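Numbering (my numbering), first residue to last: 37 to 128.
All residues carry an ideal CB built from backbone N, CA and C; glycine is no exception.
Every value quoted in this text rests on a predicted model; they were computed, and no experiment measured them.
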C-alpha cells in the first residue's frame, strides 16, 4: 500500500532539518532525513533502499513522527550487558 507523503509545516521542517544536521545519534539523524525525504515525495521503497532498511522500518519511523513529532525519532535507552566494574572500581 502506498503511503501518502507527510505534509509538514515550516516549524516541523526546521526541526527535522536541525535534527538531521545536528542530532545526537546517527540513527536520529537518519530518521529525520527519511521523514524529510518522504515529505518531498520519495516512496517507502525508495527510502528503504536508500537507508538499507525494510519498508516496515521506514513506515515505523514515519508513524512515530506522525504520533510524536521529532522527539519520537529519538530512541530510548537500550538494554545491554551490565558493567563489570562497580562504581568504586571505576574511581581507581
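- Proximity of the stretch 116 to 128 to the stretch 77 to 93 falls short of the contact definition, fewer than three beta-carbon pairs being nearer than 8 angstroms.
- Here the C-alpha atom of residue 46 lies approximately 28 angstroms from the C-alpha atom of residue 88.
- Counting the other Cβ atoms within 10 Å of the Cβ of residue 61 gives fewer than 16, which makes it exposed.
- Here residue 103 is exposed: its Cβ has fewer than 16 other Cβ atoms, across all protein chains shown, within 10 Å.
- Relative to residue 65, the option among 125, 115, 109, 127 whose CA is nearest is 109.
- In the three-state scheme derived from DSSP, where H, G and I count as helix and E and B as strand, residue 44 is classed as coil.
- Its chain contains 52 as the residues whose beta carbon lies nearer than 6 angstroms to that of residue 72, once the 5 sequence neighbours on both sides are disregarded; these appear in chain order.
- Short of 8 angstroms from the beta carbon of residue 49, and not among the five residues preceding or following it, lie these beta carbons of its own chain, in chain order: 72, 75.
- Around the beta carbon of residue 69, 16 or more other beta carbons lie within 10 angstroms, which makes this residue buried.
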